[in-house]
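Participant:
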Amino acid sequence: MPIVHITAPESLDHQQLRGIADGVHRALVTAVGIPEGDRFQLITTQARDAFLFDPEYLGVARQDVVCIEITLVAGRTDEMKQALYRHIADNLAPVGVRREDVFVVLTENRPSDWSVGNGDAQLLAR
0 MPIVHITAPE SLDHQQLRGI ADGVHRALVT AVGIPEGDRF QLITTQARDA
50 FLFDPEYLGV ARQDVVCIEI TLVAGRTDEM KQALYRHIAD NLAPVGVRRE
100 DVFVVLTENR PSDWSVGNGD AQLLAR
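The sequence shown runs 0 to 125 under numbering that gives the first Met the number 0.
Here it is in structure tokens:
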């Protein structure tokens with residue numbers, strides 16, 4: 000059960016934004032085993048002057064960062080997470096996002112931290 004927040008430059012068009020969202024979801028399905036129908040994503044665009052990032056941090060030459068924040072239930076191995084990062088970068092390249100511009104952060108939590116409707120903690124019942 001992930002929720003994904005994608006922040007991208009406002010210069011990207013609707014088709015590119017949809018391609019980014021689709022690519023992130025495919026990576027989650029492939030790399031960490033998220034069910035195909037488990038898709039919850041928020042997409043935000045930002046003007047260049049409202050989207051600040053270091054262009055050289057840790058030796059990566061960034062130009063137009065796409066920030067992908069994924070919150071999901073804990074339990075994936077480091078290898079699965081690394082595969083997820085690679086799949087995301089691979090999937091975003093065809094829609095015009097440079098690998099160097101793909102910035103991903105994972106935040107993990109517990110099943111009791113989720114309610115997906117009706118005021119219930121559905122993940123506790125699994």
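Positions of the beta carbon are idealized from the N, C-alpha and C atoms, including for glycine. Keep in mind that this is a model prediction, so the values were computed, not measured.
Taking the alpha-carbon of Ala7 as reference, which of Asp100, Phe39, Ser111 has the nearest alpha-carbon?
Facilitator: Looking at the Cα atoms, Asp100 is the closest of the given residues.
Participant: Counting pairs of beta carbons, one from the segment 74 to 94 and one from the segment 8 to 20, are three or more of them closer than 8 Å?
Facilitator: With a cut-off of 8 Å, the segment 8 to 20 and the segment 74 to 94 count as touching, because enough Cβ pairs lie within range.
Participant: Mind checking whether Val104 and Glu68 have CB atoms under 8 Å apart?
Facilitator: Yes. Within cutoff.
Participant: DSSP puts Ala7 in a beta bridge; with which residues?
Facilitator: Thr44.
Participant: Could you spell out where the alpha helix (DSSP H) holding Asn90 opens and where it closes?
Facilitator: Segment 77 to 91, the alpha helix (DSSP H) holding Asn90.
Participant: Are the beta-carbon atoms belonging to Leu83 and Pro1 less than 8 Å from one another?
Facilitator: No.
Participant: Residue range of the beta strand (DSSP E) that Leu71 falls in?
Facilitator: Taken as a continuous stretch (DSSP letters only), the beta strand (DSSP E) holding Leu71 covers 65 to 72.
Participant: Could you pull the DSSP bridge partners for Ile2 from this structure?
Facilitator: Partner(s): Thr70.
Participant: Do you know offhand how far Gln14's Cα is from Gln81's?
Facilitator: The straight-line gap from Cα to Cα measures roughly 27 Å.
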